[in-house]
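Heads up: the sequence shown begins at 1 in full-length UniProt numbering, then just goes up one per residue.
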Amino acid sequence: MLIRSIEEKDSQQVIAIKNSVWNPYNSPVYDRATTAKDLERSKEARSGILVAEETGTILGCLFFNPMYPFEQGTHVVTFWLAIASQNQGQGIGQAMLSNFFPIALALGYKKITMHVTGGNGSAIKLYQKRGFKLEAQLKGHLIINGVPHDDLLFTKELEETDA
């Protein structure tokens, strides 16, 4: 398996994975399907998309960008991780995070912050295993199909050992 930056030829596979994996139950920021225009945003400064690829097949993708648009928050990055359903539980997410951490450090980020829906147990386990800590639990902040769900904020302070 190779983890690398996205290339033009990967676009349709990446869009298909992200749209098949993400939904309101596992993404607190889900609002619509991903399009090619969304991939263009990855070309903005300090943003990008990593893919896990094996013999031409994209197994997963990790989108990252600054968490905040203002100077006081330029040290914080956020990301979205999607692994194709048939490839989940095989260590691909862990490998992608291991490749992402040194990239984030090289881009000047010092902290990673991201949202996780309270019921997304597999993501919570993965992030905790990779050193993320629960920083905030926003109870009932998400209403999904009429049912309140918690929005969890996980963070990781990047260290030189992550490089």
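The C-beta atom is built at its ideal place from N, Cα and C for all residues, glycine as well.
Please read all numbers here as calculations on a predicted model, not as lab measurements.
For residue i, the three-state DSSP class (helix, strand or coil)
| i | result |
| --- | --- |
| Met96 | helix |
| Ser20 | helix |
| Thr74 | coil |
| Gly91 | coil |
| Phe132 | coil |
| Pro66 | strand |
| Ile83 | strand |
Residue i versus residue j: straight-line alpha-carbon distance, rounded
| i | j | result |
| --- | --- | --- |
| His115 | Asp10 | 26 Å |
| Asp151 | Pro24 | 11 Å |
| Gln90 | Leu126 | 11 Å |
| Ala16 | Ser42 | 17 Å |
| Gly140 | Gly119 | 12 Å |
| Ile143 | Gln128 | 25 Å |
C-beta contact flag for residue i and residue j at 8 Å
| i | j | result |
| --- | --- | --- |
| Phe100 | Leu39 | no |
Nonlocal neighbours in the same chain, by C-beta distance under 6 Å from residue i, ignoring five residues either side
| i | result |
| --- | --- |
| Ala33 | Asn19 |
| Leu62 | Leu50, Phe79, Leu81, Met96, Phe100 |
Range of the contiguous alpha helix (DSSP H) that encloses residue i
| i | result |
| --- | --- |
| Ile124 | 121-129 |
| Glu54 | No alpha helix (DSSP H) holds Glu54; the beta strand (DSSP E) holding it covers 48-54. |
Contacting residues, own chain, Cβ-Cβ under 7 Å from residue i (five flanking each side not counted)
| i | result |
| --- | --- |
| Leu158 | Phe101, Ala104, Leu105, Tyr109, Lys110, Lys111, Ile112 |
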